[in-house]
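S.K.: There's a structure below that I have some questions on.
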Amino acid sequence: KELETETIYHPVPESQCVCPECGNKELDLVSEGRTTEIIEMTLQKVVRQIHIQEVRSCKCGGHITTAPGPERVVEGGKYGPGVYARTVVGKCVDSLPLNRQAGIFEREGVHIAPSVLGTMFHQAAFKFRILHEALRKELVKRDHIQADETTIKSQTDRSGKRKKKSLQQSYMWLFLSGHIPNEPTILYYRYSMGRSKAETPDVVLKGYSGTLLTDGYGGYNPIEGVHDATRAGCMSHCRRKFFEAHNNYPCAKAVLEWIVDLYEIEDEAKAQGIVGTAAHRELRKEKSEPLMNRIYAWSEEHQKIANPSNAIHEAITYVLNQWETLKLFIEDPLLPLDNNRSERNLRIIAIGRKNYLFVGNHEAGESLAILQSLTATALANGVNPELYIKDILLRVHKHPVSDLHQLLPWNWAKQFMFNT
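In the numbering used here, the protein residues as written are 14 to 433.
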């Protein structure tokens, strides 16, 4: 179909308008210039851009110069950074499979095969690998991190004569910076294949010495043994186990009521405007600590009579095994009671899982994690992810490695956003 076309003129820079042969500064125009065609996005509209690069020559016949052409995401690429950005945001923010995005582009007048969109998605991720690592390095500087993981299917090749694709269970992890006022929020996603599940926290949190808030999964245990980090527990997971058991074990309702009281104390701290302060710690010491002690005493007492095959025994065991991690919030007012923020920010993966079903291979999973990290962190800091991705696609390769932190979403917004 015919796309709306706009022509963008590129004059030869004044510094190039000097003939190195004779020194003449009045170069003549050569025809209409050199033409480059780019398919680009402008305000959610696909347009064909015709870039005309001015060409000048010297009368002496010894010199011809051409204006620099448009910057491209990849050398010789047909599509502009806006098309890349829309593809990335479409999948990572809106959970749109690439074939559905291809249909949207088709309706707007341009045919882009899903396979081409997939290539563009991976090209963008490849460019941003160093930013993904820069994000991780910023994350491990924080005093508090929350973590959770969810499953995602990935394709793998079968060996043998009939090499058919099969699906295996892999994992998408999220490491989320603690919610601290006036500090930017970091969401770091990491993909791992099934066999490397337990290794991921050890790799991501290398050198970490703060507090990690998680559920009771043992894969996080190495961060205490290998690294100088502290493990904190999740009261929401604790509550869930007692809720699942209370129908068959009615006296467990007492524990559920005490947990509700814990959350009401947190609401009280919010109402007083003391969250994260010394006053918040004192409030927890005064009101939350006695409730936690009741939960522990109740669990010890009922462990003796609970049937090991019942759900209530599992709930009691969770409290007793996780006790040191569960009570840590009492002394640390910056530590929330639960890990619900991580769970909420993993829902985007669950939604995507329903729509695009699986990732194509290990590299595709890594690409998704990289781009999910950057778009989600942008959104969490009030930055338009599409504008952000579009700009840094052409900026990251020429930005000093020592200053990569300037391209992280919250810093980019301060320094570059108004230039886009």
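Just so you know, even glycine gets a beta-carbon here, dropped at the ideal spot from N, CA and C. Keep in mind the model is a prediction, meaning the values are calculated, not measured.
Go to Glu151, then tell me how far its alpha helix (DSSP H) extends in each direction, as first and last residue.
M.R.: Taken as a continuous stretch (DSSP letters only), the alpha helix (DSSP H) holding Glu151 covers Arg142 to Leu152.
S.K.: Answer with buried or exposed for Asp345, where buried requires no fewer than 16 other C-beta atoms within 10 angstroms of its C-beta.
M.R.: Per the 10 Å Cβ criterion, buried.
S.K.: Could you tell me which residues DSSP pairs with His64 in its beta bridges?
M.R.: Beta-bridge pairing links His64 to Ile21 and Thr49.
S.K.: Taking only three categories from DSSP, how would you classify Ala115?
M.R.: In this structure, Ala115 counts as helix in the three-state DSSP scheme.
S.K.: In this structure, what does DSSP give as the bridge partners for Met206?
M.R.: Per DSSP, Ser183.
S.K.: Using the three-state DSSP reduction, which class does Ala160 fall into: helix, strand or coil?
M.R.: Strand, per DSSP.
S.K.: Taking its Cβ as the centre, do 16 or more other Cβ atoms sit within 10 Å of Thr164, making it buried, or is it exposed?
M.R.: Exposed.
S.K.: Hey, is the stretch 322-329 in contact with the stretch 251-263, meaning 3+ C-beta pairs nearer than 8 Å?
M.R.: Yes: at least three Cβ pairs fall under 8 Å.
S.K.: Leaving out five residues on either side along the sequence, give the residues of the same chain with a beta carbon under 6 Å from the beta carbon of Ala288.
M.R.: The sequence given here places Val at residue 288; Ala does not occur at that position. Correct list, in chain order: Ala282.
S.K.: Classify Phe141: buried if its beta carbon has 16 or more other beta carbons within 10 angstroms, exposed otherwise.
M.R.: So Phe141 counts as buried.
S.K.: Find out if the Cβ-Cβ distance for the pair Asp351, Leu304 is shorter than 8 Å.
M.R.: No, the Cβ-Cβ distance between Asp351 and Leu304 is not below 8 Å.
S.K.: Quick check: the stretch 83-95 against the stretch 26-39, are there 3 or more CB pairs under 8 Å?
M.R.: No, the stretch 83-95 is not in contact with the stretch 26-39.
S.K.: Tell me which residue opens and which closes the alpha helix (DSSP H) that Leu225 is part of.
M.R.: Where Leu225 is concerned, there is no enclosing alpha helix (DSSP H), although the beta strand (DSSP E) it sits in stretches over Thr224 to Leu226.
S.K.: Could you tell me which of Arg253, Cys247, Arg252 and Leu218 sits nearest to Glu237, measuring between CA atoms?
M.R.: Per the Cα distances, Leu218.
S.K.: Could you tell me which of Glu379, Cys30, His375 and Gly246 sits nearest to Val137, measuring between CA atoms?
M.R.: What sits at residue 137 in the sequence shown is Ala, not Val. Nearest of Glu379, Cys30, His375 and Gly246 to Ala137, Cα basis: Glu379.
S.K.: CA-CA distance, Pro214 and Thr243?
M.R.: Their Cα atoms are separated by approximately 13 Å.
S.K.: Here's the rule I'm using: 16 or more other beta-carbon atoms within 10 Å means buried, otherwise exposed. How should Pro398 be labelled?
M.R.: So Pro398 ends up on the buried side.
S.K.: Look up Asp274 in the DSSP assignment and give the residues it is bridged to.
M.R.: According to DSSP, Asp274 bridges with nothing at all.
S.K.: Nearest to Ile51 by CA position, among Asn368, Gly82, Cys73 and Asn353, is which residue?
M.R.: Looking at the Cα atoms, Gly82 is the closest of the given residues.
S.K.: Going by beta-carbon coordinates alone, are Lys72 and Asp41 separated by less than 8 Å?
M.R.: Yes; because the gap between Cβ atoms is below 8 Å, this pair is in contact.
S.K.: Only counting runs of 4 or more residues, tell me where the alpha helix (DSSP H) segments fall wholly within the stretch 241-329, in order along the chain.
M.R.: Runs of the alpha helix (DSSP H) inside the stretch 241-329: 248-258, 266-285, 291-296 and 302-316.
S.K.: Strictly by DSSP, which residues pair up with Val59?
M.R.: Looking at the DSSP assignment, Val59 forms a beta bridge with Met54.
S.K.: Do Glu151 and Ile199 have their beta-carbon atoms positioned less than 8 Å apart in this structure?
M.R.: Closer than 8 Å, so yes.
S.K.: I need the boundaries of the beta strand (DSSP E) containing Ile77, first residue and last residue.
M.R.: From DSSP, the beta strand (DSSP E) with Ile77 extends over Ile77 to Thr79.
S.K.: State the CB to CB distance for the pair Leu420 and Val409, rounded to an integer number of angstroms; the pair is presumed to be in contact (CB under 8 Å).
M.R.: Yes, Leu420 and Val409 are in contact; Cβ-Cβ is about 6 Å, under 8 Å.
S.K.: Report, in whole angstroms, the separation of the C-beta atoms of Gly122 and Gln114, which I expect to be a contact under 8 Å.
M.R.: No, Gly122 and Gln114 are not in contact; Cβ-Cβ is about 14 Å, not under 8 Å.
S.K.: State the CB to CB distance for the pair Gln159 and Ser355, rounded to an integer number of angstroms; the pair is presumed to be in contact (CB under 8 Å).
M.R.: Right, their Cβ atoms sit about 4 Å apart.
S.K.: Using the beta-carbon count (16 or more within 10 Å), is His293 buried or exposed?
M.R.: Result: buried.
S.K.: Go ahead and label Thr18 buried or exposed: buried means 16 or more other beta carbons lie within 10 angstroms of its beta carbon, across all protein chains shown.
M.R.: Looking at its Cβ environment, which holds fewer than 16 other Cβ atoms inside 10 Å, Thr18 is exposed.
S.K.: At the level of alpha carbons, what is the spacing between Leu187 and Arg307?
M.R.: Cα to Cα, Leu187 sits roughly 33 Å from Arg307.
S.K.: When the distance is taken between beta carbons, is Ile402 closer than 8 Å to Ala98?
M.R.: Their beta carbons are under 8 Å apart, which means Ala98 touches Ile402 by this criterion.
S.K.: If we ignore side chains and look at the alpha-carbon of each, how far apart do Ala126 and Glu119 end up?
M.R.: About 9 Å.
S.K.: Could you check the C-alpha separation between His64 and Ser179 for me, to the nearest Å?
M.R.: Looking at the two C-alpha atoms, the distance is approximately 45 Å.
S.K.: Specify the secondary structure class of Ile165 as computed by DSSP and reduced to three states.
M.R.: Three-state result, Ile165: strand.
S.K.: To the nearest angstrom, report how far apart Trp311 and Pro263 are at their CA atoms.
M.R.: Whole-angstrom Cα-Cα distance: 13 Å.
S.K.: Going by DSSP, what residues sit across from Phe371 in a beta bridge?
M.R.: In the DSSP output, where bridge partners are listed per residue, Phe371 has Lys166.
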